[in-house]
Amino acid sequence: MKIFKKLTSTVLAGSIAVMSSLPAVPVSYALEDSGLDYDFARALQYSIYFYDANMCGTEVEENNQYSWRGNCHTYDAKVEMKAGITDFVGTNLSQSFIDKYKDILDPDGDGYIDVAGGFHDAGDHVKFGIPENYSAATLGWGYYEFRDSYVKLGQDKHIETILRYFNDYLMKCTFRDSNGDVIAHCYQVGDGDIDHSFWNAPEIDEMGRPAFFLTAEKPQTDYVASAAGSLAINYLNFKDTDPEYAEKSLDYAKALMKFAMTHEKQLSDNADGPKQYYNSSKWEDDYCWAAAWLYICTKDINYLTDAAPYVDYYAPSGYCYNWNDMWGGANT
445 MKIFKKLTST
455 VLAGSIAVMS
465 SLPAVPVSYA
475 LEDSGLDYDF
485 ARALQYSIYF
495 YDANMCGTEV
505 EENNQYSWRG
515 NCHTYDAKVE
525 MKAGITDFVG
535 TNLSQSFIDK
545 YKDILDPDGD
555 GYIDVAGGFH
565 DAGDHVKFGI
575 PENYSAATLG
585 WGYYEFRDSY
595 VKLGQDKHIE
605 TILRYFNDYL
615 MKCTFRDSNG
625 DVIAHCYQVG
635 DGDIDHSFWN
645 APEIDEMGRP
655 AFFLTAEKPQ
665 TDYVASAAGS
675 LAINYLNFKD
685 TDPEYAEKSL
695 DYAKALMKFA
705 MTHEKQLSDN
715 ADGPKQYYNS
725 SKWEDDYCWA
735 AAWLYICTKD
745 INYLTDAAPY
755 VDYYAPSGYC
765 YNWNDMWGGA
775 NT
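Encoded structure:
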């Protein structure tokens, strides 16, 4: 049983923006209304290409639809494992945390943390956590609701590539101990101030790119819950076609949500990474959104029971569903 059949897949797929320069791959599925042709099929197809343009990491070339995109920011795989950020290099982690968990953060012992992958924000090259998690979840939601349309239009393989790239990155950025518990999650790579000072292609970008992590010291409920929500949806999208991958996604979703449920409920520190660029104003919407999806995945009523008090008190809806207001999705 799907959630919201009256939404169109085009709206959901275009969760960030639609590229202005796009490849001419014709797909015709025009609908007539008052004498005008609205080619929603092409709009859906084109909206997905936005994510090809913003793909980041060491596996761009093998996953991308654009011939002019190449691997970029490969040095995100070599984030210096040091406490504090100097000249846009390092992390926001404390030295005591690094000392305690260095074997998890740096399993190969080379002194670096690997957080390569994911997607740039929207023309700049920072990987901002809140809009990235929102986009991954919204694309996944659209595919979950309207899978038949993607298949009919020949877009299922393309959207699945994008969804895997998003969610593989979220799992890669989640660091877990031997019990499977989350000890850290990288929610941002790059700094908006220096990034917005330069216009260049990501393939030749060499600017410093610090990494920002949430931990028990900085729980940041909005980030960890929104990542859990995307991975839960990813489970639903792949459980019938790639059950092993789907179970891995769900395992990470449950671990992230456990972190959110058992640690102090706390809004992200907007000065610690996103600064003025993506100021998150609440965590309750992301928390309830993730709880709803995990209930759909597991039928575990504890997710809804735990989230219910926050829905009751914080649920006045914003003007639209967006990266800073997930109530429209959670309430649906």
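Here the sequence shown stands for residues 445 to 776, numbered as in the working numbering.
Just so you know, even glycine gets a beta-carbon here, dropped at the ideal spot from N, CA and C.
Excluding the 5 residues flanking residue i on each side, which residues of the same chain have their C-beta closer than 6 angstroms to its C-beta?
i, result
"N577", "S670, A671, S674"
"Y679", "A690, S693, L694, C741"
Looking only at its own chain, which residues have a Cβ that is under 7 angstroms from the Cβ of residue i, when we skip the five neighbours before and after it?
i, result
"Y587", "Y594, I603, L607, N681"
"V533", "E524, G652, P654"
So what does DSSP say about residue i, is it helix, strand or coil?
i, result
"R620", "strand"
"C630", "strand"
"A527", "strand"
"V755", "helix"
"L658", "strand"
"T452", "The predicted position of T452 is uncertain, since its pLDDT is 38 and thus under 50; a value taken from the coordinates is nonetheless stated next. Residue state, collapsed to three classes: coil."
"T685", "coil"
"Y721", "coil"
"D481", "strand"
"K571", "strand"
"S501", "Note that residue 501 corresponds to Gly in the displayed sequence, not to Ser. Three-state DSSP puts G501 in a strand."
"F494", "helix"
"F563", "strand"
Just grab the DSSP bridge partners of residue i for me.
i, result
"D552", "None; D552 has no bridge partner."
"N766", "D769"
"T535", "A527, A655"
"C516", "G501"
"I638", "Paired residues: none, contrary to the question."
"I557", "V523"
Could you check how far apart the C-beta atoms of residue i and residue j are, in whole angstroms? I think they sit under 8 angstroms.
i, j, result
"K743", "W727", "With 8 angstroms as the limit, K743 and W727 do not qualify as a contact, their Cβ atoms being about 25 angstroms apart."
"H629", "F590", "30 angstroms between Cβ atoms; not a contact."
"N507", "Y609", "6 angstroms"
"N498", "H564", "4 angstroms"
"G584", "G501", "So it is not a contact: roughly 19 angstroms between Cβ atoms."
"Y765", "P575", "Not confirmed; about 13 angstroms, so no contact."
"I677", "A581", "6 angstroms"
"A699", "D625", "7 angstroms"
So with Cβ pairs under 7 angstroms, would you call residue i a contact of chain B?
i, result
"V504", "Absent from the structure is chain B; it holds one protein chain and no more."
Spatial neighbours of residue i within its chain, please: C-beta separation below 8 angstroms, excluding the five flanking residues on both sides.
i, result
"I627", "Y545, I548, F619, R620, D621, T659, A660"
"P663", "F703, A704, H707, E708, K709, Q710"
"Y556", "A521, K522, V523, E524, M525, D550"
Does the Cβ of residue i lie closer than 6 angstroms to at least one heavy atom of the ligand COA?
i, result
"G624", "The ligand COA is absent from the structure shown, which contains no ligand whatsoever."
(message) Assess contact between the region 512-528 and the region 628-648, defined as three or more Cβ pairs (one per stretch) separated by less than 8 angstroms. Is contact present?
(response) The region 512-528, when compared against the region 628-648, does touch it at the 8 angstroms Cβ threshold.
(message) Is it the case that the region 635-648 contacts the region 505-516, given that we only count it when at least three CB pairs across the two stretches are under 8 angstroms?
(response) Because the criterion of three Cβ pairs below 8 angstroms is met, the region 505-516 and the region 635-648 touch.
(message) When you compare the region 479-497 with the region 543-557, are there three or more beta-carbon pairs, one atom per stretch, that lie closer than 8 angstroms?
(response) They do not touch, by the three-pair rule.
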